[in-house]
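One structure is given below, encoded as structure tokens.
There are 4 protein chains.
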Amino acid sequence: MGANLHEECGLFAVSNGKFPLDIVTTCYYGLYALQHRGQEGCGMAVTHGENISLYRDLGLVSQVFDKEALSKIPNGSAAIAHARYGTTGVNNRLNVQPLVINHKKGKMALAHNGNLINDFELRDQFESEGSIFQTTSDSEVIAYTITKYRLKTKTIEEAIVQAMDDIKGAYSICVMSHNKIIAARDPRGFRPLSIGTLEDRFIFASETCALDTVGATFLRDVEPGEVVSVVDGVLKSDKTHCNKEKKSLCVFELLYFSRPDSIIDNIPVLNARLRAGSFLALEHPVQADVVIGVPDSGITAAIGYSRQSGIPYGVGLIKNKYIGRTFIQPQQGQRDTAVRIKLNAIRATVEGKRVVLIDDSIVRGTTSKRIVQLLREAGAKEIHLRSSAPKFLYPCFFGTDIDSSENLLAYNYSDDQMKEMLHVDSLGFLSVDNVTKLSDKGIEGFCTACFSGDYPIKNTKTKDKFRLE
Amino acid sequence: MGANLHEECGLFAVSNGKFPLDIVTTCYYGLYALQHRGQEGCGMAVTHGENISLYRDLGLVSQVFDKEALSKIPNGSAAIAHARYGTTGVNNRLNVQPLVINHKKGKMALAHNGNLINDFELRDQFESEGSIFQTTSDSEVIAYTITKYRLKTKTIEEAIVQAMDDIKGAYSICVMSHNKIIAARDPRGFRPLSIGTLEDRFIFASETCALDTVGATFLRDVEPGEVVSVVDGVLKSDKTHCNKEKKSLCVFELLYFSRPDSIIDNIPVLNARLRAGSFLALEHPVQADVVIGVPDSGITAAIGYSRQSGIPYGVGLIKNKYIGRTFIQPQQGQRDTAVRIKLNAIRATVEGKRVVLIDDSIVRGTTSKRIVQLLREAGAKEIHLRSSAPKFLYPCFFGTDIDSSENLLAYNYSDDQMKEMLHVDSLGFLSVDNVTKLSDKGIEGFCTACFSGDYPIKNTKTKDKFRLE
Amino acid sequence: MGANLHEECGLFAVSNGKFPLDIVTTCYYGLYALQHRGQEGCGMAVTHGENISLYRDLGLVSQVFDKEALSKIPNGSAAIAHARYGTTGVNNRLNVQPLVINHKKGKMALAHNGNLINDFELRDQFESEGSIFQTTSDSEVIAYTITKYRLKTKTIEEAIVQAMDDIKGAYSICVMSHNKIIAARDPRGFRPLSIGTLEDRFIFASETCALDTVGATFLRDVEPGEVVSVVDGVLKSDKTHCNKEKKSLCVFELLYFSRPDSIIDNIPVLNARLRAGSFLALEHPVQADVVIGVPDSGITAAIGYSRQSGIPYGVGLIKNKYIGRTFIQPQQGQRDTAVRIKLNAIRATVEGKRVVLIDDSIVRGTTSKRIVQLLREAGAKEIHLRSSAPKFLYPCFFGTDIDSSENLLAYNYSDDQMKEMLHVDSLGFLSVDNVTKLSDKGIEGFCTACFSGDYPIKNTKTKDKFRLE
Amino acid sequence: MGANLHEECGLFAVSNGKFPLDIVTTCYYGLYALQHRGQEGCGMAVTHGENISLYRDLGLVSQVFDKEALSKIPNGSAAIAHARYGTTGVNNRLNVQPLVINHKKGKMALAHNGNLINDFELRDQFESEGSIFQTTSDSEVIAYTITKYRLKTKTIEEAIVQAMDDIKGAYSICVMSHNKIIAARDPRGFRPLSIGTLEDRFIFASETCALDTVGATFLRDVEPGEVVSVVDGVLKSDKTHCNKEKKSLCVFELLYFSRPDSIIDNIPVLNARLRAGSFLALEHPVQADVVIGVPDSGITAAIGYSRQSGIPYGVGLIKNKYIGRTFIQPQQGQRDTAVRIKLNAIRATVEGKRVVLIDDSIVRGTTSKRIVQLLREAGAKEIHLRSSAPKFLYPCFFGTDIDSSENLLAYNYSDDQMKEMLHVDSLGFLSVDNVTKLSDKGIEGFCTACFSGDYPIKNTKTKDKFRLE
């Protein structure tokens, strides 16, 4: 609600196996569990021996995979699926994944979560050799690179390992050939990827909540740099690219993107958020009557703040759960009522109270400002805004659509200016130092570039804003 | 989630006035705010002088009122709107409201929330005189009764007052003629109905959250038995039927149906739920490590239990917010995984813990049983189930689809049997005595028939189950 | 194409019987065959013992009855179906038929083709007694009238016979109770209604083409004034109202509305059109090189003109068969290209030729004018326009939407003026005298009111224009 | 109706120009006019300076380009559009055109009508060099080939000219770069492509009927082998590949695919069909009472037969124009009624008559057999079937989906056997010799491979059936 940040995408894959499984339905439920990672479009590619059936479209899982669509997809032996995050525009259907490509040695389906930083260079090079691209996504560049090596290697796994020498940036990928599922994660592990088992089959999912949903048992995460393949029912691992780079899990996976019931690189997301709330209470204490969170992702940090501070936790904002992509926004001029329709303040909780308001982040500040106004109108006496993410100061090049600096509130204004602009009585952000301690086990390897400017890979892109379309 | 109870419907109306207002959009947002009261279908009737435009269909507000539909409805001077709760079947579109009828003296639109208990008798009488009915709903019976008197009275308000002598049961209604909006509530006030002002216009809504949403200011509730009309911009009241019967607000409006940000008959819904949780903690205390609620309506009672008991509140279950009406249920045999897809237990919260689980009610017990199993699989050591509603023992004839007794768990089994069936370590229900104390101000006039068998009106229906279709 | 006239509706019904038949599919195909009679909406009511399932919506048969809708309609023992002609507006769904009504003695479904002329009076009377109407259609008035008598009669057939004393105008109706199908036609027989047999079942259809489509054998027409009922597999006839009035079949059924493969009151539609063309050639001969027809309904008359005159028949205009209701019309200013998109002239047929152009009628003249222009642009040297219907001079009150006189070209202008306005070299209309000779067997009882002003029933309506909505 | 043959596709393009034109709407109407060439899917690519907006989907023009879709496409300076013929399957959306590709030197949109015969070889070669393909269509192979040369040439026109050395088979293509429209036709001119002018803009269309529809003036056809480009408002022509091969226009363009109002390579389609009918009358005369055609494409040949023979032309079959892609086919067992629903015989025309029945072709014979049965049931005394196409004996590799020989009736049976199987009194096919004389001007260069086995290019494909998916 606060952040309005988005990430590129959720992956789900089911390997071949003897255990009888409705592969299509399993992917359907898996995608449902990963819907929060991408609402623009989704798709699945199902293999049955030589052929690969592909079904993908713009829209939510519930829209793309209605009864008719599901009935059209023949069940198969293995599958990969993808949920993509949302932008608008007429020609985006092509960018919905998985990609299915035909190369010299056969067919390959690919699904990708993340963002390359050298896709321009690679694309340029391929195009110089006469290649053509049908999409503007870096995922097609990955497909090209894998194909380039595939012609020279014995197996697709080897091709992926070699391709990883060329492609730079954040990527978790699932690849399917007619008889294999391969999953790989970039050497820094920017984006999560987990492995589960369901009888004799292996399931790969961006988050463990999808494993739970389909009844699979969590096995372990794909390691940063690892290429895992399932061939003839056996899980094989190639660690050529492991342990060469510093681990750089996107800290926003814990604070915002992932579902609170997921466990990422052994860190329960819920605990990370409770800890963020507790750290906030320690860093930015205040005398108040109630702690409330902005639904949905501010709730858990608010509970953490409440526990640490002893100030009671309450439900102060209620979200209209029926507002979806088809909701028709108020006209210009009524814009201020947009927040009111999506969120309402609960007078019984905040009237006459000193309120601590926890949001997951403050990016542009527009939404925060309106929420504060809602609470004021509902009678809140004081409002102390706390952000469970540090100040956004730098753009992200690894798959999160954090804006160019010029649009970031904290980049442009001092704390006092922001306090005044947001009309709050006090304002506090989690420190970058504490954000690295969100794991129960202590300091972890996180990418904090958007807060610190400390980019795990030197960025060669010249543009400030990283997104193309 | 627990109860899966449904109620008939949400009402919304905008009166005539000079303040320029996009009536159609206002109704659209009003319906969005009342969507939780009815997801089967919705509609709005808009008047522009002599004519009334009606648009209604099966589906959610977002589905019925897409851009195209909205663009087709000419804006008008006043409107009434309705959200209807969901059943299935091919020929239900006719039952979607508002009704627009043509009678001798003109046109009338009507929207109704509630359930009559003498609709069979009235219908029978009308049919004896040759009348025909196009719907199976009691709302058409109300329309007939009003029309019967309309032919003899000078105003439609008088007709409604006289009709209220004949119709018995639970009803909140909004009626629109070409130049008036009239709102009425049955003499016992089973269903809520609130009045707000928006500049010189009056807004009527089943719940105050809809007033907030459209930026209206809450004025007061329509009193039980009152007929309120807006004629030429003036609010008039007829109290012929007021204060003749004991007030009988459906207690389930507070515990389950209404949104926590609504205020009904001066009782904030949120507070009523916190109080239910507190009473539960007092009536059924237990030594435990965490209190969790079943989302969405068990959450607030869980916070109340936590506050009263001192046991920390936690987030133990996460609901997939993308599961909607188009979600394709797992096949028979996979049925046990249905709950898993909609809800997931958060291991980090419950593993190794003694858990107090608060649900808003236990009707058939099926869902509760599956949630308990989810929590056990996530490692909960003990589970203490508490229901913030008393035991359901009797059917409801006033608009809630509580099943016939034979399907009610508590009607058929002892506490020990239920404890065993649900596989919980302890089980407790709020007492009927405490349920009457949910208002901050003390004992209120509630209908508690479904718990106590104490029906506010003697029921003349012979059938155990009240719903026709 | 020329006329753009519309009529209210197509009827189709299947009686009970022992021959196993997929009733729903049979109605579906029957409606397809009658689609030309009404494209606004359609529906079917299927009975299975006591209950009646109703499915109806706005749209073409292909849109309303998609796979999902068909799968939802339980197959039954008998059914009636209806296709309704198209107007626009938001609240027309209610007017889609069949109507299913609940009266004192049970349920009844009704489908109606035609137009009453005393519906205002009857409605007024019912409303005076307190009745309310949910639709603006006269069909509901018929339902009321039947119900009124149904309470006093032993059978529904008797009620219909008695109701026919009250209702005046054009009506063919199909009525279904839980175990009977009844079909009736007004005493003048304005609208067609045919009976077929399919093994031991009886089929009723507005046109015989629907009998052919479902494989039924034509038995005979329902006679003007006759009430035919199928009770326990036996066809019974009540002729109380027969032979009391002069037969007045709408001549436009033959010239325009009906499909050329239908046979109405023993007159093959195709032959009537060939005869119209032949009469035109006799009444308005001309020296020319080719005879062409405006598709679709001008084609056959063109062939008739060609045969009589000896001038070769050619295909001079081609219609784009993909233009349907969803076609987006050119903007104002491009309006002149609208005809060009729907129709194209075939240069090879008309270039340098003297062309006889046969249209089925000339109402407002707008379309004719554009077609003439198309042919001129394609090189036609002379254009001799012939209308296979006489001049429209008077409004219709019996179910055809012929406009009020002020919009009728022939009412306002002399032949010379029209010739100039339409930019044709000569112009000729079929005479009213010859239009009564369209049957092979000689002079038939036709309603020619729109041409002659000779109304079969004295019209009590005060309005010039008969349509309400 | 008879043939059920399909071809790949219709092309439409609008060049840049100063004349203000709603490019999107123009393409929309252009596609409507070409809908008969492809009903599977359609799309348009619109350029506005550097960027190209692409919108395409499965479905008819009316379905793909509804109001919402049209409103989403920004108007531009030039555009190409495509209508594709229909197959089924889940993953076909990718094959809908235009293709938009990104290559080293920019963007390019491509639309293709026809079929390559060396696409496997070319694809193989590209894949050997590491290229990947996202579609299974040969159109992507064309795009690759053009791109390959584009990197070495100064202009895209030159690249196309060079690419034409590599690609072999039937192809008419439209290509758009950000500031040019290029149209090209293979050296044998298998598929049509016409040029029109609309003020200072040039329009390219597969058939001239689309030029008429948008109000453009026909200029000339693109010559076989010609590459025409519009650069800065000037039409340039490259004739490198012209006049090197024998012209081989697909004769089925004249007999079946194209609209009768189109003129292809100076041959009016209508005249070609009239001639076919006349030749049939000369080759296969018979004493009969009426000549009828199978709608739609048998009609004109029937008129030709009638004119030549002196036997009157009549309308003997009526087609239900509402049967479309969504029509639900009768179940197995009712299959024989499928024809009856789509077509009905007109008893008034055929009863007791000796009928000459003209169909455009006889491929498998299934439909012909059912039509004959319909006519027999309607009372036809004799039926003399004439096919305005010669016997199909050989598969087509140039874009028509004529089946492998084993499914072709005439390949497997003698004339006597066919006569018996089809239950006709006599049977006649147009001779291959006469099919080459369909032009008014005498013998033309046609491809008659499917009748004669005389393939204009030696086919290197090993498979009998050419289609992949």
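Quick note, the sequences are listed as chains A, B, C and D, same order.
Its first residue numbered 679, the first sequence is counted upward by one per residue in our numbering.
Its first residue numbered 679, the second sequence is counted upward by one per residue in our numbering.
Its first residue numbered 679, the third sequence is counted upward by one per residue in our numbering.
Its first residue numbered 679, the fourth sequence is counted upward by one per residue in our numbering.
Ideal Cβ positions, reconstructed from N, Cα and C, are used throughout, including at glycine.
Between A/V778 and A/A837, the gap from beta carbon to beta carbon reaches 8 Å or more. One thing to note: C/V929 has its Cβ no nearer than 8 Å to the Cβ of C/I860. Cβ proximity to chain A below 9 Å picks out R801, D802, F804, E805, S806, E807, G808, S809, I810, F811, Q812 from the stretch 788 to 812 of chain D.
Residue state for C/I1001 is assigned as coil, using DSSP reduced to three classes.
Beta-bridge annotation (DSSP): A/E1060 is paired with A/R1032.
Contacts with chain C at 8 Å (Cβ-Cβ) do not include D/N921. Here the alpha carbon of C/S1082 sits roughly 5 Å from the alpha carbon of C/P1073. Within the DSSP bridge table, the entry for A/C1125 names A/C928 as partners. What D/Y822 touches in chain A, judged by beta-carbon distance under 7 Å, is I810, going in chain order.
With contacts defined as CB atoms closer than 8 Å, C/V993 and C/V1050 fail to qualify as a contacting pair. The three-state secondary structure of B/R1042, taken from DSSP, is coil. Per DSSP, reduced to three states, the secondary structure at C/K914 is strand. Between A/C1125 and the set A/M1099, A/K1097, A/R866, A/A1026, the nearest pair of CA atoms involves A/R866. By the Cβ rule, the stretch 803 to 819 of chain B counts as touching the stretch 780 to 797 of chain C, because three or more pairs are nearer than 8 Å. Looking at the DSSP output, C/P946 sits in a beta bridge with C/I941.
With a threshold of 16 other beta carbon atoms within 10 Å, C/N1090 falls short and is exposed. DSSP lists D/G721 as the beta-bridge partner residues of D/R734. Taking 8 Å as the cut-off, the beta carbon of C/A761 is found closer than this to the beta carbon of C/L709. In the structure shown, the three-state DSSP call for A/I1135 is coil. Sorting A/N753, A/I1040, A/A789, A/D916 by C-alpha distance to the C-alpha of A/G719 places A/A789 at the top. Of the candidates C/G792, C/T814, C/S1109, the residue whose Cα lies closest to the Cα of C/F798 is C/T814.
The criterion of a C-beta distance shorter than 8 Å is satisfied by B/F1075 and B/I795. If you check each beta-carbon in the stretch 927 to 945 of chain B against every beta-carbon of chain A, the ones closer than 8 Å belong to R937, P938, D939, I941.
Against chain A, the beta carbon of D/I779 has neighbours under 9 Å at I810, F811, Q812, listed in chain order.
According to the DSSP assignment, D/S907 belongs to the beta strand (DSSP E) that extends over 905 to 909. Following the DSSP letters along the chain, one finds A/R771 in no beta strand (DSSP E), marked with neither H nor E. Around the beta carbon of C/S936, 16 or more other beta carbons sit within 10 angstroms, so the residue counts as buried.
When DSSP states are grouped into helix, strand and coil, D/K858 belongs to the strand group.
At the C-beta level, C/M854 and C/I758 come within 8 Å of one another. At a C-beta separation below 9 Å, B/Y707 has these neighbours in chain A: P1008, T1015, R1018, I1019. According to the DSSP assignment, C/R879 belongs to the beta strand (DSSP E) that extends over 879 to 883.
Residue burial annotation: B/L1063 is buried, with at least 16 other C-beta atoms found within 10 angstroms of its C-beta.
At a cut-off of 8 Å between C-beta atoms, C/K745 does not count as an interface residue with respect to chain B.
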